[in-house]
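Here the working numbering is used: the first residue of the sequence shown is 51, the next is one more, and so on.
These notes are about the structure you will find just below.
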Amino acid sequence: MIDKIDSFFDLEQIRRIEEFCQKAQTQILYLMIVQMIGFSRENEDKLEISVQELFENQIASKLTIYKGLQLKQRNRSFLLAFSNPTSAVKAALDLQMDAVNVNENQGVKLEIKIAIHAGQTLVNDKFNQFIFNNHINFTSNLESMVEIGHIYLTSHVYAGAGNWLDQQSPYNIVHKKHGSYFFADVKEHADIYEVSNKKIQLLKPPDSSNKKKKVSNKRKIISAIVLFVMIIFTIGKCEKTSVYLEDFSQEEIFLNKTHKQLSIAEYEKDEPRKIDKQFKKGKYIIYYDSNPNTRYYATLDVKKGTNKITPHFRKQRLPKLQKSITLNRANGYEDAGLGNKRWSYSIYNQNNVMISHDAEISMAIRGEINADNKYEYKLNWRFDMDGGIVNSGEEIFTEDITKTISFYKDKLHYIDFEIEIEDNKANIALISVFADYKK
51 MIDKIDSFFD LEQIRRIEEF CQKAQTQILY LMIVQMIGFS RENEDKLEIS
101 VQELFENQIA SKLTIYKGLQ LKQRNRSFLL AFSNPTSAVK AALDLQMDAV
151 NVNENQGVKL EIKIAIHAGQ TLVNDKFNQF IFNNHINFTS NLESMVEIGH
201 IYLTSHVYAG AGNWLDQQSP YNIVHKKHGS YFFADVKEHA DIYEVSNKKI
251 QLLKPPDSSN KKKKVSNKRK IISAIVLFVM IIFTIGKCEK TSVYLEDFSQ
301 EEIFLNKTHK QLSIAEYEKD EPRKIDKQFK KGKYIIYYDS NPNTRYYATL
351 DVKKGTNKIT PHFRKQRLPK LQKSITLNRA NGYEDAGLGN KRWSYSIYNQ
401 NNVMISHDAE ISMAIRGEIN ADNKYEYKLN WRFDMDGGIV NSGEEIFTED
451 ITKTISFYKD KLHYIDFEIE IEDNKANIAL ISVFADYKK
């Protein structure tokens with residue numbers, strides 16, 4: 051199995067990891083350990099290649115489809131990495147199905163189990179061996195708890211892939227939180243979730259011996275009394291916390307946790323602006339929108355007392371693309387337009403967890419005068435999200451039309467494809483909007 055011995059990387063491996071992260075514009079990787087438990091060999095001598103080679107080919111295929119990276123292989127254990135949680139979960143579900151297909155098609159019994167965990171990889175754009183080793187060790191501990199045939203993941207992975215999983219129930223994909231379990235080797239506990247294709251494997255929790263024990267009611271009461279006394283003792287000594295933003299001129303600002311607008315003092319040059327909200331000590335994410343598809347995020351690190359903070363905003367832009375063609379005498383009533391673009395972007399959910407996406411579109415439109423002396427437009431498109439095709443099609447238009455096709459939608463944003471044809475002019479556009487955008 052993959053363990054601490056496998057968590058050390060030479061300079062060439064580190065270079066590959068850094069390039070992978072930089073290309074995906076992320077400092078966090080979603081680590082997956084795939085463990086082949088074993089298989090019967092009674093029919094293997096009849097196969098052109100071994101069962102392990104068959105499954106290794108399936109892993110290589112998933113890395114290509116979901117843009118992943120193989121970090122290590124030790125015997126029948128594989129350590130893989132993905133740049134976003136949805137791709138990692140999709141790859142795991144595909145491998146679960148692949149194992150079943152190998153069994154059915156080749157007449158052998160192949161069993162696997164999969165663990166997925168999120169871990170910071172880069173610090174200031176540089177690979178951090180110590181931090182990364184801890185995450186590999188954590189993933190290895192999780193893999194040791196996985197039941198044969200099952201897929202377990204930690205809360206950070208589930209938080210990122212949860213929106214996609216919620217949409218998969220019609221397709222036999224199920225998921226469940228099994229609870230908080232103790233990891234002895236790393237001396238901490240974590241929430242464990244499971245995903246599965248219910249036609250292949252029913253959900254099953256880990257061994258309950260590692261489950262975090264519930265606190266008795268008596269201990270809860272004692273703890274509550276102690277906490278209450280501490281609060282009463284502290285209230286009189288607490289300094290009131292206030293937040294002022296410096297060098298900030300925007301009129302509207304929102305708190306990401308609630309998506310509610312914050313009331314802020316009017317802008318005056320060189321004067322800090324007080325936010326009319328009672329803050330507690332901690333980190334907060336605020337944002338403002340410059341348009342429906344462009345958002346600026348900043349983190350506020352609030353201390354006790356008076357805070358004067360100059361927020362450093364980072365822009366996140368959702369996918370957007372537009373093409374137009376016009377048929378006229380100058381171009382012989384023939385025109386064409388192509389649009390191909392790829393985006394990597396991130397959105398904070400209401401738990402202040404950053405969700406990353408990779409989107410790509412290819413679209414083409416061609417117009418001409420047809421045999422019936424009418425304007426005719428031929429349009430085709432393909433839209434990929436996080437390594438999978440979510441919408442594609444081809445249509446021919448000979449009449450004026452305005453049409454909207456929904457490409458993608460979750461709790462955080464939606465992406466539409468808009469078609470507008472009027473006489474000798476055609477406009478096509480990819481439009482993205484934050485779901486909570488305030489007009």
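For glycine and all other residues, C-beta sits at the position ideal for the given N, C-alpha and C.
*Which value, in whole angstroms, describes the spacing of the CA atoms of I359 and E318?*
Counted from its first residue, the sequence shown places residue 359 at position 309. Counted from its first residue, the sequence shown places residue 318 at position 268. Approximately 16 Å between the Cα atoms of the pair.
_Nearest neighbour of N306, chosen from F447, A149, N399 and P135 [CA to CA]_ = For the purposes of this step, residue 306 is taken as residue 256 along the sequence shown, with counting starting at 1. Considering only alpha carbons, the answer is N399.
*asked:* Considering just the uninterrupted stretch of the beta strand (DSSP E) at Y398, what are its terminal residues?
replied: Numbered from its first residue, the sequence shown carries residue 398 at position 348. Per DSSP, Y398 belongs to the beta strand (DSSP E) from D385 to Y398.
*Quick one: measure Cβ to Cβ for Q377 and N477, integer angstroms, because I've assumed they're closer than 8 Å.*
Start at 1 with the first residue of the sequence shown, and residue 377 comes out as number 327. Start at 1 with the first residue of the sequence shown, and residue 477 comes out as number 427. Correcting the residue identity first, residue 377 is Leu in this sequence and not Gln. 13 Å between Cβ atoms; not a contact.
*Who are the near neighbours of F363 in its chain, counting only those whose CB is closer than 6 Å to its CB and skipping five residues on each side?*
Position 313 of the sequence shown, counted from the first residue, corresponds to residue 363. So the list reads Y346 and A348, once near-sequence residues are dropped.
*asked:* Closer than 8 Å is the cut-off here; do at least three beta carbon pairs connect the region 170-185 with the region 138-155?
replied: no
*Among L368, H309, K117 and I446, which one has its Cα closest to the Cα of F70?*
On the sequence shown, residue 70 is found 20 positions in, with the first residue counted as 1. Answer by Cα proximity: K117.
_Other residues of its chain near F484: CB distance less than 8 Å, five sequence neighbours each side excluded_ = Taking the sequence shown and counting its residues from 1, one reaches residue 484 at position 434. Hits under 8 Å: D339, P342, N343, R345, L368, I397, L462 and H463.
*asked:* Determine whether the beta carbon atoms of F188 and H167 lie at a separation below 8 Å.
replied: Position 138 of the sequence shown holds residue 188. Position 117 of the sequence shown holds residue 167. Yes, they are a contact pair.
_With 16 other Cβ atoms within 10 Å as the buried cut-off, status of Y221_ = Position 171 of the sequence shown, counted from the first residue, corresponds to residue 221. Per the 10 Å Cβ criterion, exposed.
*Counting along the chain, where does the beta strand (DSSP E) carrying Q123 start and finish?*
Sequence index remark: in the sequence shown, residue 123 carries index 73 (1-based). It spans L119 to R124 - the beta strand (DSSP E) in which Q123 sits, taken as one unbroken run.
*Among P135, V352 and I223, nearest to D436 - alpha-carbon criterion*: On the sequence shown, position 386 is the one that residue 436 refers to. Comparing Cα positions, the closest option is P135.
*From which residue to which residue does the beta strand (DSSP E) around Q179 run?*
Position 129 of the sequence shown, counting from 1, holds the residue named residue 179. For Q179, there is no enclosing beta strand (DSSP E); the residue is part of the alpha helix (DSSP H) that begins and ends at Q179 to M195.
*asked:* From the DSSP secondary-structure annotation, give me the bridge partner or partners of I415.
replied: Here the question's residue 415 lines up with position 365 in the sequence shown. According to DSSP, which records beta bridges pairwise, I415 is partnered with G387 and L429.
*Select from V152, A380, S394 and E197 the residue whose C-alpha is nearest the C-alpha of Q366.*
As a position in the sequence shown, residue 366 is number 316, starting the count at 1. Closest by alpha carbon: S394.
_Cross-strand partners of R364 (DSSP beta bridge)_ = The residue you call residue 364 lines up with position 314 of the sequence shown. Y347, per the DSSP bridge assignment.
_Environment of A421 [buried if 16+ CB atoms lie within 10 Å]_ = To locate residue 421, count along the sequence shown from 1; it is residue 371. Answer is exposed; the Cβ neighbour count stays below 16.
_Between Y425, N402 and E296, which has its C-alpha nearest Y383's C-alpha?_
Position 333 of the sequence shown holds residue 383. Comparing Cα-Cα distances from Y383 to each of Y425, N402 and E296, the minimum goes to Y425.
*Should L312 and K327 be called a contact, given that it needs their Cβ atoms to be closer than 8 Å?*
As a first step, residue 312 is located in the sequence shown; it is residue number 262 there, counting from the start. As a first step, residue 327 is located in the sequence shown; it is residue number 277 there, counting from the start. Contact: yes.
_CB contact below 8 Å: W393 versus chain C_ = Among the protein chains of the structure shown there is no chain C, as only one such chain exists.
*Own chain partners of I223 with C-beta closer than 8 Å, once the 5 adjacent residues on each side are dropped*: For this step, residue 223 is matched to residue 173 along the sequence shown. Counting only Cβ-Cβ distances below 8 Å, and skipping sequence neighbours, we find L143, L215, V245, S246, N247 and K248.
*Given Q372, which residues of its chain have a CB within under 6 Å of its CB, disregarding the five upstream and five downstream residues?*
Locating residue 372 in the sequence shown gives position 322, where the first residue counts as 1. Around Q372: A479.
_Straight-line Cα distance separating G210 from T486_ = On the sequence shown, position 436 is the one that residue 486 refers to. On the sequence shown, position 160 is the one that residue 210 refers to. Rather than Thr, the amino acid found at residue 486 in this sequence is Asp. Rounded to whole angstroms, D486 to G210 spans 18 Å at the Cα level.
*Buried versus exposed, by CB contacts within 10 Å (16 or more), L61*: Within the sequence shown, the letter at position 11 stands for residue 61. Of the residues assessed, L61 falls on the exposed side of the cut-off, its CB having fewer than 16 other CB atoms within 10 angstroms.
_Residues of its chain near L429, where Cβ-Cβ distance is below 6 Å and the 5 sequence neighbours each way are ignored_ = Sequence index remark: in the sequence shown, residue 429 carries index 379 (1-based). Result list for L429: I415 and E445, in chain order.
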